[in-house]
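Asks: Heads up: the protein sequence lines correspond to chains A and B, in order. For the first sequence, numbering that gives the first Met the number 0 begins at 0 and goes up steadily by one. For the second sequence, numbering that gives the first Met the number 0 begins at 0 and goes up steadily by one.
Protein chains: 2
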Amino acid sequence: MGFVVPQRVGFNEPITLKSGAQLPGFELVFETYGQLNASGSNAVLVCHALSGGHHVAGMYADNPKNIGWWDNLVGPGKPLDTNKFFVVGVNNLGGCYGTTGPLSLNPETGKRYGADFPMVTVEDWVAAHARLADHLGIDTWAAVMGGSLGGMQALEWSLQFPDRIRHAMVIASAPKLSAQNIAFNEVARQAIISDPEFHGGHYAERGVIPTNGLRLARMVGHITYLSDSQMGDKFGRQLCHGEHRFSYDADFEIESYLRYQGDKFAGFFDANTYLITTKALDYFDPAFAYNDDLAAALARAKASFFVASFSTDWRFSPSRSREIVFALMKNRHRVAYAEIDCDAGHDSFLLDDTHYHAVLRAYLENIKV
Amino acid sequence: MGFVVPQRVGFNEPITLKSGAQLPGFELVFETYGQLNASGSNAVLVCHALSGGHHVAGMYADNPKNIGWWDNLVGPGKPLDTNKFFVVGVNNLGGCYGTTGPLSLNPETGKRYGADFPMVTVEDWVAAHARLADHLGIDTWAAVMGGSLGGMQALEWSLQFPDRIRHAMVIASAPKLSAQNIAFNEVARQAIISDPEFHGGHYAERGVIPTNGLRLARMVGHITYLSDSQMGDKFGRQLCHGEHRFSYDADFEIESYLRYQGDKFAGFFDANTYLITTKALDYFDPAFAYNDDLAAALARAKASFFVASFSTDWRFSPSRSREIVFALMKNRHRVAYAEIDCDAGHDSFLLDDTHYHAVLRAYLENIKV
Chain A
0 MGFVVPQRVG
10 FNEPITLKSG
20 AQLPGFELVF
30 ETYGQLNASG
40 SNAVLVCHAL
50 SGGHHVAGMY
60 ADNPKNIGWW
70 DNLVGPGKPL
80 DTNKFFVVGV
90 NNLGGCYGTT
100 GPLSLNPETG
110 KRYGADFPMV
120 TVEDWVAAHA
130 RLADHLGIDT
140 WAAVMGGSLG
150 GMQALEWSLQ
160 FPDRIRHAMV
170 IASAPKLSAQ
180 NIAFNEVARQ
190 AIISDPEFHG
200 GHYAERGVIP
210 TNGLRLARMV
220 GHITYLSDSQ
230 MGDKFGRQLC
240 HGEHRFSYDA
250 DFEIESYLRY
260 QGDKFAGFFD
270 ANTYLITTKA
280 LDYFDPAFAY
290 NDDLAAALAR
300 AKASFFVASF
310 STDWRFSPSR
320 SREIVFALMK
330 NRHRVAYAEI
340 DCDAGHDSFL
350 LDDTHYHAVL
360 RAYLENIKV
Chain B
0 MGFVVPQRVG
10 FNEPITLKSG
20 AQLPGFELVF
30 ETYGQLNASG
40 SNAVLVCHAL
50 SGGHHVAGMY
60 ADNPKNIGWW
70 DNLVGPGKPL
80 DTNKFFVVGV
90 NNLGGCYGTT
100 GPLSLNPETG
110 KRYGADFPMV
120 TVEDWVAAHA
130 RLADHLGIDT
140 WAAVMGGSLG
150 GMQALEWSLQ
160 FPDRIRHAMV
170 IASAPKLSAQ
180 NIAFNEVARQ
190 AIISDPEFHG
200 GHYAERGVIP
210 TNGLRLARMV
220 GHITYLSDSQ
230 MGDKFGRQLC
240 HGEHRFSYDA
250 DFEIESYLRY
260 QGDKFAGFFD
270 ANTYLITTKA
280 LDYFDPAFAY
290 NDDLAAALAR
300 AKASFFVASF
310 STDWRFSPSR
320 SREIVFALMK
330 NRHRVAYAEI
340 DCDAGHDSFL
350 LDDTHYHAVL
360 RAYLENIKV
């Protein structure tokens with residue numbers, strides 16, 4: 000994709016969130032790849048997952064090592080081909096990469112929002128991104144796509160704006176979290192909230208970071224992103240020093256790896272954003288207002304659907320994707336479903352697995368623009 | 000089993016641990032149920048798992064609600080029938096229920112050991128319990144049994160003292176931890192160690208407890224003890240207050256349950272014991288000295304084996320038990336294996352599932368005393 004430049008747009012109209020809270024306005028940071036055609040029919044919105052952002056593809060001139068998180072998918076000649084599509088990546092409201100969020104200044108106080116930033120939901124993100132679509136002159140997305148939490152946003156687009164999305168591509172996702180999913184999120188949240196440096200969410204004003212909590216949150220999250228078998232193949236019981244050292248230093252490579260991932264994450268991600276995002280995951284449940292009847296909830300969708308899952312994903316297993324597929328089929332909606340054999344667990348959706356990319360390419364090639 | 004009374008025995012001979020560290024002596028707290036017969040042929044040792052102890056069955060006169068953790072299994076007429084067997088429950092070295100451990104006074108300093116208590120291994124526990132067998136006049140156990148970490152001890156007995164154990168009963172266990180198992184233990188340890196109240200393991204001397212860390216450790220551990228399906232059936236997405244509250248109070252019942260379990264655990268368990276015990280789990284690997292050849296490692300065993308696993312146990316799945324079974328079969332050792340359909344995940348081994356107790360009863364009835 001070459002060098003790309005993030006853009007920023009401000010919206011001054013207040014937005015009322017699902018919680019009832021209101022923001023007086025907000026800014027979104029986004030990137031675009033490819034060219035919007037004259038009829039505006041070739042736009043694809045890529046929605047990010049928990050820790051992702053607007054930097055989907057390409058690299059930055061001042062930091063060529065910072066490559067977009069879905070760069071293997073998006074670019075000229077790639078499955079999401081920017082010779083054909085105009086691709087938009089956007090950082091969600093409540094994020095920590097420039098979009099208005101807990102680290103932004105609260106216009107009412109002149110201080111950072113911190114814990115006063117309201118909770119946002121998948122529905123709120125879609126509402127906010129609709130304003131971005133308006134701003135970019137996109138009446139209808141050719142497709143909205145994403146993995147994990149990004150897939151939930153694609154699904155929500157098909158429900159909140161049935162006439163503004165032609166294809167919803169829901170990958171490695173679920174129609175709602177299970178009790179176990181919520182449980183892992185809750186451990187992560189409690190790790191952050193119980194860190195003494197959290198200060199009730201107002202750590203930034205004090206110039207500190209709840210590093211330990213963020214680190215633990217990432218460590219436990221990371222375990223759920225990888226498959227048991229992949230972790231076994233990659234790390235197994237390999238020792239850092241060839242022997243058991245009978246200390247609490249890392250004995251096994253997997254310990255060292257998790258600590259590294261935790262430390263790295265705590266160095267760049269915002270704790271309040273982590274909390275908000277896990278709550279958005281927990282709350283997402285389009286069938287909630289339909290007496291738990293997912294088919295009834297999805298009845299109003301008009302998009303065509305592409306749903307994909309991965310065999311070793313135990314965070315959002317294939318059976319969770321099949322729930323979506325069956326609910327769509329009950330409505331006689333158009334749906335293509337791919338269950339990909341891949342060893343990499345939940346994170347498979349980020350990889351360029353041959354079969355996975357082949358079905359994505361085939362589906363995207365068949366979208367008319 | 001009625002009222003029982005814990006007993007205590009001290010050993011003044013020093014014990015050299017696998018780490019090379021030495022304890023000048025130690026005390027074990029234990030309980031017994033039933034009567035040792037004249038030939039000493041009817042003794043069964045029950046080994047506990049991570050947070051268990053010597054209180055296997057019965058209740059205490061001063062606290063009748065404190066019922067042993069395997070009371071459904073052990074007693075007159077129960078599968079481990081105390082009319083036939085003399086059953087011994089013992090609290091492991093390094094524990095926090097009275098056996099010498101981090102909360103004990105270090106004779107060298109007159110202060111609590113805390114972080115100075117040496118790491119102990121499954122091998123060390125078996126060596127310590129062999130002294131208890133000597134003390135009780137038990138030359139050979141009719142059986143050594145346990146679930147999870149307790150099953151590892153039963154397996155280790157068959158290797159360290161092949162002539163002192165006739166039956167090894169290894170339930171819901173594994174021949175070694177997987178990378179994922181170690182990963183979860185490491186998150187729990189880091190939660191404890193990074194708690195500012197941990198004070199490098201010397202919290203007791205300061206009169207404080209790393210409550211937050213222990214609480215998080217238990218929360219993440221607890222998730223791995225339950226099956227996804229059982230958690231779904233029991234909690235699903237049930238709300239505490241019938242609505243999403245957009246706060247970090249518990250929204251979902253599963254959050255409230257995990258917090259309760261974490262708080263309860265932090266109120267009675269010792270953090271250093273938790274650390275030591277998870278390391279003992281991580282280190283256990285009888286095949287390590289045999290070039291990862293489990294069959295070679297188990298060759299020296301002379302016991303008959305009973306191995307059982309549970310269909311929904313994802314901590315130590317049935318495939319982990321089958322590794323043990325296959326390694327035993329390669330040696331043409333006697334082995335009975337039961338794979339039990341039970342919805343309760345790893346914790347199934349503690350329950351009185353009908354089929355599970357029936358096979359245990361059948362196996363134990365066939366042990367000659």
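Backbone N, C-alpha and C fix where the C-beta goes; we use that ideal spot for every residue, glycine too. Owing to the predicted nature of the structure, the values given are computational and were not obtained by experimental measurement.
Note down, one range per segment and in chain order, each beta strand (DSSP E) of at least 3 residues found wholly within the segment 281-350 of chain B.
Replies: 303-309, 334-339
Asks: Identify which residue in Val119/B, Glu204/B, His354/B, His240/B has its Cα closest to the Cα of Ile275/B.
Replies: Val119/B
Asks: Between which residues of its own chain and Gly377/B is the CB-CB distance below 6 Å, once the five residues before and five after are set aside?
Replies: Look at the range of chain B in this structure, 0 to 368, and you will see that residue 377/B is not part of it.
Asks: Quick one: is Lys110/A buried, meaning 16 or more other Cβ sit within 10 Å of its Cβ, or exposed?
Replies: exposed
Asks: Ser303/B and Glu338/B - do their beta-carbons sit closer together than 7 Å?
Replies: no
Asks: In chain B, which residues lie with their C-beta within 9 Å of the C-beta of Gly241/A?
Replies: None at all; the shortest Cβ gap to chain B is about 11 Å.
Asks: Is the CB of Gly235/A under 7 Å away from at least one CB in chain B?
Replies: yes
Asks: Establish whether the CB of Glu185/A and some CB of chain B are separated by less than 7 Å.
Replies: yes
Asks: Can you give the beta carbon distance from Val8/B to Ala42/B, rounded, assuming they're within the 8 Å contact cut?
Replies: Between Ala42/B and Val8/B the Cβ distance is about 15 Å, and since that is not below 8 Å, they are no contact.
Asks: Does any residue of chain B bring its CB to less than 7 Å from the CB of Pro285/A?
Replies: no
Asks: Quick check: what's the CA-CA separation for Asp248/A versus Gln189/B?
Replies: 10 Å
Asks: Quick check: Ala20/B and Pro117/B, are their CB atoms within less than 7 Å of each other?
Replies: yes
Asks: How far does the alpha helix (DSSP H) with Gly109/B in it reach, from first residue to last?
Replies: From DSSP, Gly109/B is part of no alpha helix (DSSP H); its letter is neither H nor E.
Asks: Which complete alpha helix (DSSP H) runs does the segment 161-237 of chain B hold, if anything under 4 residues is left out?
Replies: 178-192, 202-205, 210-224, 227-233
Asks: Measuring alpha carbon to alpha carbon, tell me which residue in Gly76/A, Trp156/A, His201/A is nearest Thr272/A.
Replies: His201/A
Asks: Assign Lys367/B to one of two classes, buried (16 or more other C-beta atoms within 10 Å of its C-beta) or exposed (fewer than that).
Replies: exposed
Asks: For the beta strand (DSSP E) that contains Phe30/B, what are its first and last residues?
Replies: The sequence shown places Glu at residue 30/B, rather than the Phe named in the question. It spans 25-32 - the beta strand (DSSP E) in which Glu30/B sits, taken as one unbroken run.
Asks: What residues from chain B crowd round Gly175/A, counting only those whose CB sits closer than 8 Å?
Replies: Sequence inspection shows Lys at residue 175/A; the Gly mentioned does not correspond to that position. Correct list: Arg236.
Asks: For a test of the three-state rule: what should DSSP assign to Gly97/B, helix, strand or coil?
Replies: coil
Asks: Enumerate, from N- to C-terminal direction, the unbroken alpha helix (DSSP H) stretches of 4 or more residues contained entirely within the segment 132-161 of chain A.
Replies: 148-159
Asks: For Pro174/B, I'd like the list of residues in its chain whose CB is within less than 6 Å of its CB, leaving aside the five on either flank, ordered along the chain.
Replies: The residues are Leu293, Glu322, Ile323.
Asks: Counting only beta-carbon atoms, is Pro376/B nearer than 7 Å to chain A?
Replies: Chain B is shown only over 0 to 368; residue 376/B falls outside these bounds and no answer can be derived.
Asks: Can you grab the Cα-Cα spacing for the pair Ala129/B / Val143/B, in whole Å?
Replies: 11 Å
Asks: Which stretch, first to last residue, makes up the alpha helix (DSSP H) that contains Val358/B?
Replies: 353-364
Asks: Report the residues of the segment 282-315 of chain A with a CB closer than 9 Å to any CB of chain B, ordered along the chain.
Replies: Tyr282, Asp284, Phe287, Asp291, Trp313
Asks: Identify the residues that DSSP records as bridge partners of Val73/B: which are they?
Replies: Note: Val73/B sits in a beta bridge opposite Leu79/B.
Asks: Would you say Asn271/B reaches chain A, if we count a Cβ-Cβ gap shorter than 7 Å as a contact?
Replies: no
Asks: Looking only at its own chain, which residues have a Cβ that is under 8 Å from the Cβ of Ile208/A, when we skip the five neighbours before and after it?
Replies: Glu196, Tyr202, Ala265, Ala270
Asks: Rounded C-beta distance between Val28/A and Pro5/A? I'm assuming under 8 Å.
Replies: Their Cβ separation, rounded to whole angstroms, is 5 Å, which keeps Val28/A and Pro5/A in contact under 8 Å.
Asks: How about Ala279/A and Leu158/A: do their beta carbons lie closer than 7 Å?
Replies: no
Asks: Identify which residue in Asp262/A, Thr139/A, Ser226/A has its Cα closest to the Cα of Ala37/A.
Replies: Ranking the options by Cα distance to Ala37/A, first place goes to Thr139/A.
Asks: Which residues in chain B have a C-beta closer than 9 Å to the C-beta of Phe245/A? List them in chain order.
Replies: Leu16, Lys17, Ser18, Gly19, Ala20, Pro117, Met118, Thr120, Lys278, Tyr282
Asks: Just reading off the beta strand (DSSP E) that Phe85/A is part of, what are its end residues?
Replies: 85-89
Asks: Taking 7 Å as the cut-off, decide whether the C-beta atoms of Ile170/A and Phe2/A are in contact.
Replies: Cβ distance not < 7 Å, so Ile170/A and Phe2/A don't count as in contact.
Asks: Within a Cβ cutoff of 6 Å, which residues of the same chain sit near Gly261/B, ignoring the five residues on either side of it in sequence?
Replies: Arg214, Arg217, Met218
Asks: Would you identify the three-state DSSP class for Gly52/A, choosing helix, strand or coil?
Replies: coil
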